[in-house]
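See below for the structure under consideration.
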Amino acid sequence: MSEQIETLCGRSVEVAEPSELAWLWETCASCNESAHLLVASES
1 MSEQIETLCG
11 RSVEVAEPSE
21 LAWLWETCAS
31 CNESAHLLVA
41 SES
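Each residue of the sequence shown is one higher than the one before, starting from 1 at the first, in the numbering used here.
This is the structure in structure tokens:
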């Protein structure tokens, strides 16, 4: 069962098996930068 998700940069991608480990997937540079900003804002 696949699922559509929206990435941090706004792209929509289809994932085969969504899981709690989705943050380990490869990301584009924009998503990677956004993820670092989110983590920094939470600490």
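Ideal Cβ placement from N, Cα and C applies to all residues, glycine included.
Q. Just the Cα atoms here: how many angstroms apart are Met1 and Val15?
A. 9 Å
**Q.** Rounded straight-line distance, which links the Cα of Glu6 to that of Ser12
**A.** Separation of Ser12 and Glu6 (C-alpha to C-alpha, rounded to the nearest whole angstrom) is 4 Å.
Q. Just the Cα atoms here: how many angstroms apart are Ser43 and Glu3?
A. 30 Å
(Q) Please report the straight-line C-alpha distance between Gly10 and Glu17, rounded to a whole angstrom. (A) 20 Å
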